[in-house]
Amino acid sequence: IKIDFVFKNKNEIWGSDDDTDIEYMYQYLISNNSHILTDLQIKEGWLNHIKHNEENYLWVSNQRAFDLMKEGVLPPKTSNVDLNQHYDMIDAQLTTEIFGLLSPIREDIALKMSYLPIRTTARENAAWISEFYVMMHSLASKVDKKLKIKDQLNWMADESRKVLPKNSYSSKMYDYVKNKYESNITWEQTRDSIYYRYQLNQMDGYDITSRNLNCNGCFAAGINFASSLISLFYGEGDLKETIIIGTLSGWDSDNPTSTWGGLLGFMLGKEEIEKVFDRSFSDKYNIHRTRKNFPNNGIDTFDNMALQGIFIIDKIVQSEMNGGVSKSDNIWYIPNK
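Spelled out as structure tokens, the structure:
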């Protein structure tokens, strides 16, 4: 079976989707405010940039949080388990990874920056899983680049595992999938194994099936976390293979693939990505496909987004990390914790 990819040519424009647009909004909000967003800034950002009446590309917890904001509720109450029944869905996993990139090396500051944005839509395991992804992205700047990329990812994952509480189902899922990978069975066998363990037998405290949700909770935080670990470990840093495995693993499969695609893209860089796919890509992005009220009628470039991110990191390195920036040498000086 041949698995192929869909591309945008150099003269075309990438359209935003729910795996990228909330993070785009958060970077925009940070660039115009402090790097620690307040509850009111988050609420005003959501209400200003998310469409109210037409298709708004929000689902489950994001949609409920948005509805609560329209009623005047502020984060983190928008993920309160008594107000938002979707608090343990996938939403925050795909809207907050960028905070890790904006705090290179210092995962503690990345977690501080992302704390409220994560808890705008997530609590408990869903929040801890989101913090796992944030840590992965921060540690991508810290990992030993002399290691093979597979070993880099394993180190980053094991370090990020520390944010998952010992008795949580998310920590047990991590250990289970890692153990299956290390046992040398195929990724397909591991995928079937987590289906039986968590959706049929509801082990390790994961009880989504008992709630009789639509598509058996295919958009839940837990099962998608377990699924994402399959593509992370078995992909072994191969960008194409990671995306293929992630897509074929099922559940809400575009979300883990966008997370690892973004992480590997950051680690590999644009030139290497274009080498992997043997082509050049469009550098234009239309945030107004899914969101609204951004400059230039929503048309942006990846170069501009990167420059905006670097500007934010420069401020964070100096104000939050007590570090320094050398424009001439193109480096950051970041003290140890």
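Taking the numbering used here, the leading residue of the sequence shown gets 119, the next gets one more, and so forth. Built from N, CA and C at the ideal position, the CB exists for glycine as well.
What is the DSSP secondary structure of residue i, reduced to helix, strand or coil?
{"i": "Arg409", "result": "strand"}
{"i": "Gly163", "result": "helix"}
{"i": "Tyr205", "result": "coil"}
{"i": "Gly133", "result": "strand"}
{"i": "Ile168", "result": "strand"}
{"i": "Phe123", "result": "coil"}
{"i": "Gly218", "result": "helix"}
{"i": "Leu265", "result": "coil"}
{"i": "Glu173", "result": "coil"}
{"i": "Val191", "result": "coil"}
{"i": "Asp310", "result": "helix"}
{"i": "Ile303", "result": "coil"}
{"i": "Asp157", "result": "helix"}
{"i": "Tyr324", "result": "coil"}
{"i": "Thr238", "result": "coil"}
Restricting to Cα atoms, I'd like to know which of the options is closest to residue i.
{"i": "Thr360", "options": "Val394, Val435 and Phe250", "result": "Val394"}
{"i": "Lys169", "options": "Ile430, Phe412, Lys445 and Asn440", "result": "Phe412"}
{"i": "Tyr324", "options": "Asn330, Gly340 and Pro453", "result": "Gly340"}
{"i": "Ser398", "options": "Lys388, Met143 and Cys336", "result": "Lys388"}
{"i": "Leu282", "options": "Ile267, Met253, Asp269 and Lys298", "result": "Met253"}
{"i": "Met291", "options": "Gln270, Leu347, Glu277 and Lys266", "result": "Leu347"}
{"i": "Ala228", "options": "Trp273, Thr239 and Ile216", "result": "Ile216"}
{"i": "Ser288", "options": "Ile267, Gln320, Glu130 and Ile121", "result": "Gln320"}
{"i": "Trp232", "options": "Pro194, Asp206 and Gln203", "result": "In the sequence on display, residue 232 carries Ser and not Trp. Nearest option by C-alpha distance: Pro194."}
{"i": "Cys333", "options": "Ile247, Val178, Asp276 and Ala344", "result": "Val178"}
{"i": "His153", "options": "Ile428, Asp269 and Ser286", "result": "Ile428"}
{"i": "Thr156", "options": "Glu354, Lys230, Phe123 and Ser444", "result": "Lys230"}
{"i": "Lys280", "options": "Ile121, Asp396, Asp421 and Tyr251", "result": "Tyr251"}
Looking only at its chain, what residues have a beta carbon closer than 7 Å to the beta carbon of residue i, apart from the 5 residues adjacent to it on each side?
{"i": "Leu158", "result": "Leu192"}
{"i": "Asn373", "result": "Asp137, Ile208, Gln211, Leu212 and Asn342"}
{"i": "Ala424", "result": "none"}
{"i": "Lys101", "result": "Outside the modelled stretch of the chain, which goes from 119 to 455, sits residue 101, for which no answer is possible."}
{"i": "Leu381", "result": "Met254, His255 and Ala258"}
{"i": "Tyr352", "result": "Tyr299, Trp305 and Ile363"}
{"i": "Phe184", "result": "Trp164, Ile168 and Leu176"}
{"i": "Ser367", "result": "Arg309, Ser345, Ile348 and Ser349"}
{"i": "Glu392", "result": "Ser398 and Phe399"}
According to DSSP, residue i sits in a beta bridge with which residue or residues?
{"i": "Ile449", "result": "Ser444"}
{"i": "Ala338", "result": "Met207"}
If you drop the 5 nearest sequence neighbours on each side, which residues of the same chain put their C-beta closer than 8 Å to that of residue i?
{"i": "Leu318", "result": "Thr327"}
{"i": "Asn415", "result": "His406"}
{"i": "Trp132", "result": "Lys126, Ser400, Lys402, Tyr403 and Asn404"}
{"i": "Asp226", "result": "Lys455"}
{"i": "Leu186", "result": "Lys195, Thr196, Leu201 and Asn202"}
Please go through the same chain and pick out, in chain order, the residues whose beta-carbon is closer than 6 Å to the beta-carbon of residue i, but skip the five residues on each side of it.
{"i": "Gly383", "result": "Ile391"}
### Task
May I have a chain-ordered list of the alpha helix (DSSP H) segments no shorter than 4 residues that lie completely inside the region 352 to 435?
357 to 366, 372 to 386 and 388 to 395
### Query
Counting only runs that start and end within the region 244 to 290, where is the alpha helix (DSSP H) found for 4 or more residues in a row?
267 to 278
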